[in-house]
């Protein structure tokens, strides 16, 4: 399966909608998208993972790298995920303490955490 990416602006946030699998083969595409957004001045990102079917360690690494990039600009990276099998990966790795994870894009955009 491939990875689909689209971006849109909601308020002062840039929402990256991700669909498909984020794995060793597709993660570079997501990395490029996040780097490009930060280089273009988007420092407050919401990664909408509702359409993600699979996430591996490479994908986690890309998300952590994206977080480091936006934080270097006093920015934020929030995740939208309500799928138990994906949330479990964040819990097992302890990344629930690193990423604010929300149930919807609206909740992520309105959050002040």
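Residue numbers (full-length UniProt numbering): 1 to 113. Note that the Cβ used here is the ideal one computed from N, Cα and C, for glycine as well. For clarity, every value in this text was computed on a predicted model and none was experimentally measured.
Exposed or buried, residue 108, counting other C-beta atoms within 10 Å across all chains shown (16 or more means buried)?
-> buried
Would you report the Cα separation of residue 19 and residue 5, rounded to the nearest angstrom?
-> 7 Å
Look at residue 24 and residue 56 and say whether their C-beta atoms are less than 8 Å apart.
-> yes
Between the Cα of residue 111 and the Cα atoms of 78, 87 and 70, which residue gives the shortest distance?
-> 78
Hey, could you find the ends of the alpha helix (DSSP H) residue 55 is sitting in?
-> Run containing residue 55: none in the alpha helix (DSSP H); it sits in the beta strand (DSSP E), 44-55.
Within-8 Å CB hit, residue 32 to chain D | Absent here is chain D; the protein component of the structure consists of one chain.
Just tell me which of 45, 38 and 36 has its CA closest to the CA of residue 9.
-> 45
Cβ distance (whole Å) where residue 84 is taken to contact residue 51 below 8 Å = So it is not a contact: roughly 15 Å between Cβ atoms.
Measuring alpha carbon to alpha carbon, tell me which of 42, 49 and 3 ends up nearest residue 27.
-> 3
Cut-off 6 Å between Cβ atoms - residues of its own chain near residue 67, not counting five sequence neighbours on either side = 77
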